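Novice: Line by line, the protein sequences give chains A and B.
Heads up: the first sequence begins at 36 in this note's numbering, then just goes up one per residue.
Heads up: the second sequence begins at 36 in this note's numbering, then just goes up one per residue.
There are 2 protein chains.
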Amino acid sequence: MKVLVLGGDGYLGWPTAMHLSEQGHQVTAVDNYLRRNLSRDENVEALYPTPDLVERAAIWKQHTGKDIGVRIGNLCDWDFLAGVFAEAGPECVIHYAEQPSAPYSMLNRETATLTLQNNLNATANVIFAVKEFCPTAHIIKLGTMGEYGTPNIDIEEGWLDIEHNGRKERFLYPRAAGSLYHTTKVQDTDLLWFYVRTWGLCITDLMQGPVYGIHTDESRHSESLLPFFNYDELFGTVLNRFIVQAVVGYPLTVYGKGGQTRGYLNIRDTLQCVRLALENPAAQGELRIMNQFTETLSVNDLAELVRDAGTATGLDVRIKPVENPRKELEEHYYNPRHSKFSELGLQPTLLTREILVEMLETVSRYADNIDTGKILGKNATWAK
Amino acid sequence: MKVLVLGGDGYLGWPTAMHLSEQGHQVTAVDNYLRRNLSRDENVEALYPTPDLVERAAIWKQHTGKDIGVRIGNLCDWDFLAGVFAEAGPECVIHYAEQPSAPYSMLNRETATLTLQNNLNATANVIFAVKEFCPTAHIIKLGTMGEYGTPNIDIEEGWLDIEHNGRKERFLYPRAAGSLYHTTKVQDTDLLWFYVRTWGLCITDLMQGPVYGIHTDESRHSESLLPFFNYDELFGTVLNRFIVQAVVGYPLTVYGKGGQTRGYLNIRDTLQCVRLALENPAAQGELRIMNQFTETLSVNDLAELVRDAGTATGLDVRIKPVENPRKELEEHYYNPRHSKFSELGLQPTLLTREILVEMLETVSRYADNIDTGKILGKNATWAK
């Protein structure tokens, strides 16, 4: 199948491009290096250097003989986007191309404006390009479980049947996100849902939880094929931060009570989910929403798991609660469904000691690169 | 009170500016003439010429001795907006400043992009400016009843209490708008709700139905003070179209079955509602949402009312169903609440024969200006 991977340089975009290329699809990866540039500008670069998209496509070709097409440009620039669509003639468009950091979106007015404009305009342009160039193509859009927030009722998969004063209606599940970044994903969903109803597009919107891990089947050829590993307050995730803290002998800093619970998944399962969505497309005129995670864990759970794995590898790991720099509930109900991908055949890779030990060992090899000043950073007060 | 009226040149903005000036408030009206320029570009100008904002403020001053400050510029331009806020020091910000036409937002990719960028960036900038310059100021934001769409259950005022699997939560009432313009208002609400939770802003979001009428107490001084009257497919409303059709002897063209039902209000009641909201502000940290209309009417109801009033003034008015150019339900359940403004003391002006006769007489005086080619126009297929 002809597949466009928008945001193909990203943490998920590049592994997805390799995975679909490996599966025999004709992949074109598109990126404008926004995330690379922002993390350089903010002085929070990844743990190890990552070759750029053109270089990685060449390394991939060298090891596998397979081509991944590369186009560098901005999806907010219609002329560029139209050229890419006209040339690639995609049957499936995987849209990861957004400013992906919640803390970055909350730094100041400029970063908020960049996030809002970039994410909304990119999504609108993707919709317009599909309508114009390939109206039956399947759009697989990366949303986030963060769109739902942490409501006091069960989180369904995208939709909620409501009975009110004796009458019934099915609505988009009401959303209440915790950052501007997450709010732009809610606004993306509004836009997708409107144009599905108006133009009958075919869209899968993935409500994905936080992803961990860097190794995938396709990265075995070379460490140069690994995606970004950020451990800073802006582009890192809590698990990456804990891994780095364990390696350098810092306490694992738990924000507040540590009861913040989310649905996590391994990067291998992201690839599996996207492939399952691609192989089992939504119907024409359907906005299919699937919750994409494999297990719910609290921050305290994560800290305990890292301590356990660290101890197994001979590290002395301590856990230290600190004041929470974010505006979020530290204890809350959290019961999201995630049965649709199981029904499509997802085989989950859970967060075992073995997986964590592999992550600790990889990070240890790059221990000399760790800048401990970046772990919490000057931006820890982002949501105040 | 120091009041900014953003979009102060508009159909509602200018009458609001006069009304609050009359009430003794210190009003600054801000506009970039976007709507004026778009209707000129699309060749669908209003029924009679309307002096620009600077001229109207001078006419107002001449008749009343009162000053309305005028600033011409674009709210999407931060430097301009920051200057306005720094100078005006508003205690209340009334935000009408958006591309206001649903059909225009659906014409093509360029008009969709303009609507999305203009409306979202203006709203975001207003939020950022209030946070930076006047964090306790009351934002009164014009939303639309169209955010809700036409669900099969009762429409509450902004929020919905949901019981699900034995647990309870209060959510923003789920929204499903019928045009891109209306969808940008949904996205505005997402943004307002996020920043109310994050920064504790004080916001009233008005879910307003279609407004009719041009005469207000303040326009009695001079017809030059009347707001725009558009009767075209892009910037007109169904009632204006019917009035013009009745005056020129065309049949009133009812789209499809004519059961499309909405909550309408007289422009005098818009002014009353905005004043009531201003005098009874939301609490700090509250997103107060109020449904702003006085009566629900179907398109068939409107056609019958115009026929009745037309007959009373000696016109021969026929009604003619035509194929619906819009994608919308032509028969549907519609039961929206609207008790909050009644509780604040709203005295409704309903759509009586007398009101319609006054509109017919005003339009008749400008009958020579009517361009019948504009009534339905080349754009009647906008939602196909």
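We treat Cβ as the ideally placed atom computed from N, Cα and C, and that holds for glycine.
Owing to the predicted nature of the structure, the values given are computational and were not obtained by experimental measurement.
Compare the C-beta of W417/B against all C-beta atoms of chain A and say whether one is closer than 8 Å.
Specialist: With a pLDDT of 37 at W417/B, under the threshold of 50, the predicted position of this residue should be treated as unreliable, and no value is reported.
Novice: From L47/A, L116/A, R303/A and C237/A, pick the residue whose C-alpha is nearest to that of N156/A; which is it?
Specialist: Answer by Cα proximity: L116/A.
Novice: Whole angstroms is fine: what's the gap from P50/B's alpha carbon to A64/B's?
Specialist: Computed Cα separation, rounded: 11 Å.
Novice: Here's a check: name, in chain order, each residue in its chain whose Cβ is nearer than 6 Å to the Cβ of V105/A, leaving out the five neighbours to either side.
Specialist: Answer for V105/A: A64, L88, V89 and A92, listed in chain order.
Novice: Starting from the N-terminal side, write out each stretch of the beta strand (DSSP E) that is 3 residues or longer and does not extend beyond the stretch 140-223 of chain B.
Specialist: Here the runs fully enclosed are 173-179, 194-199 and 202-207.
Novice: Assuming V165/B and A172/B are in contact, meaning their beta carbons sit under 8 Å apart, how far apart are those beta carbons, in whole angstroms?
Specialist: The pair is a contact, with the Cβ atoms about 5 Å apart (cut-off 8 Å).
Novice: For chain A, is any of its Cβ atoms less than 8 Å away from the one on T146/B?
Specialist: Chain A, which has no Cβ nearer than 8 Å to the Cβ of T146/B, makes this no.
Novice: Sorted by chain position, which residues of the same chain lie with C-beta nearer than 6 Å to R323/B's C-beta, five sequence neighbours on each side aside?
Specialist: Answer for R323/B: T239 and A317, listed in chain order.
Novice: Do you know how far the Cα of I249/A is from the Cα of W228/B?
Specialist: Cα to Cα, the separation comes out at about 35 Å.
Novice: Say whether chain A places a C-beta atom closer than 8 Å to the C-beta of K220/B.
Specialist: With 8 Å as the cut-off, K220/B does not count as an interface residue toward chain A.
Novice: Among F120/A, T272/A and P138/A, which one has its Cα closest to the Cα of L39/A?
Specialist: If we check each option's Cα against that of L39/A, F120/A comes out closest.
Novice: Let me know the secondary structure DSSP gives A317/A once reduced to three states.
Specialist: In this structure, A317/A counts as coil in the three-state DSSP scheme.
Novice: Cβ closer than 8 Å: which chain A residues qualify as neighbours of K203/B?
Specialist: Near K203/B (Cβ distances below 8 Å), the residues of chain A are N187 and I188.
Novice: Which of the three DSSP states, helix, strand or coil, is assigned to Y68/A?
Specialist: Looking at Y68/A - three-state DSSP - the assignment turns out to be coil, as it is neither helix nor strand.
Novice: Under 6 Å Cβ to Cβ from T296/B, same chain only, skipping five residues before and after it: list those, please.
Specialist: Closer than 6 Å at Cβ, skipping near neighbours: T331, S333 and Y369.
Novice: Does the count of Cβ pairs from the stretch 169-184 of chain A and the stretch 214-228 of chain A closer than 8 Å reach three?
Specialist: Yes, the stretch 169-184 of chain A touches the stretch 214-228 of chain A.
Novice: Taking Cβ positions only, does N414/B come closer than 8 Å to chain A?
Specialist: Residue placement at N414/B is flagged as unreliable, the pLDDT there being 46, under the threshold of 50; the coordinate-derived value follows with that caveat. No - not a single Cβ of chain A is within 8 Å of the one on N414/B.
Novice: Using a Cβ cut-off of 7 Å, pull out every chain A residue sitting near P209/B, in sequence order please.
Specialist: Neighbours of P209/B on chain A, chain order: F206, L207 and P209.
Novice: Let me make sure I understand the geometry here. Which of K37/B, L47/B and G43/B has the alpha-carbon closest to that of P245/B?
Specialist: With distances taken between Cα atoms, P245/B lies closest to L47/B.
Novice: Should L241/B and C169/B be called a contact, given that it needs their Cβ atoms to be closer than 8 Å?
Specialist: For L241/B and C169/B, no; Cβs fall outside 8 Å.
Novice: Identify whether G284/A lies in helix, strand or coil by the three-state DSSP scheme.
Specialist: Here G284/A sits in coil by DSSP.
Novice: Which residues in the same chain have their Cβ closer than 8 Å to the Cβ of K355/B, if we skip the five residues on either side of it in sequence?
Specialist: Only P286, L287, T288 and V289 meet the Cβ criterion.
Novice: Taking buried to mean at least 16 other C-beta atoms within 10 Å of its own C-beta, is L260/A buried or exposed?
Specialist: So L260/A ends up on the buried side.
Novice: I want to see whether chain B comes within less than 8 Å of L226/A, judged by CB atoms only; does it?
Specialist: Chain B contact via Cβ: present.
Novice: Taking C-beta pairs closer than 8 Å, name the residues in chain B that T179/A reaches, listed in chain order.
Specialist: In chain order: nothing, as chain B lies at least about 14 Å away.
Novice: Report the rounded CA-to-CA distance for N414/A versus Q319/B, giving the unit in angstroms.
Specialist: Since pLDDT at N414/A reaches only 45, below the 50 mark, its modelled position is unreliable, and the value read off the structure follows with that caveat. The alpha-carbon atoms of N414/A and Q319/B are separated by roughly 27 Å.
Novice: How long is the line joining the alpha carbons of D252/A and E77/B, rounded to whole angstroms?
Specialist: Roughly 56 Å between the two C-alpha positions.
Novice: For F229/B, which residues in chain A fall below 7 Å Cβ to Cβ?
Specialist: Correct list: A212, L215 and T218.
Novice: Taking 7 Å as the cut-off, is the C-beta of W95/B nearer than that to any heavy atom in the ligand ZN?
Specialist: In the structure shown, the ligand ZN is absent, as is every other ligand, since no ligand is present at all.
Novice: Can you pull the chain B neighbours of L155/A, defined as C-beta to C-beta under 9 Å?
Specialist: What L155/A touches in chain B: L151, Q152, L155 and Q222.
Novice: Listing by chain order, which chain B residues have their CB less than 8 Å from the CB of A159/A?
Specialist: Neighbours of A159/A on chain B, chain order: A147, T148 and L151.
Novice: Between H54/B, T158/B and M394/B, which lies nearest to R144/A when the distance is taken from Cα to Cα?
Specialist: Comparing Cα-Cα distances from R144/A to each of H54/B, T158/B and M394/B, the minimum goes to T158/B.
Novice: Determine which residues of the stretch 49-69 of chain A have a Cβ less than 8 Å from any Cβ of chain B, and write them out in chain order.
Specialist: Cβ contacts with chain B come from no residue of the stretch 49-69 of chain A.
Novice: Identify which residue in A347/A, T329/A and P371/A has its Cα closest to the Cα of G380/A.
Specialist: The shortest C-alpha separation from G380/A is found at T329/A.
Novice: Which residues, taken in chain order from the stretch 362-382 of chain B, show a beta carbon closer than 9 Å to some beta carbon of chain A?
Specialist: Correct list: K362, Y368 and N370.
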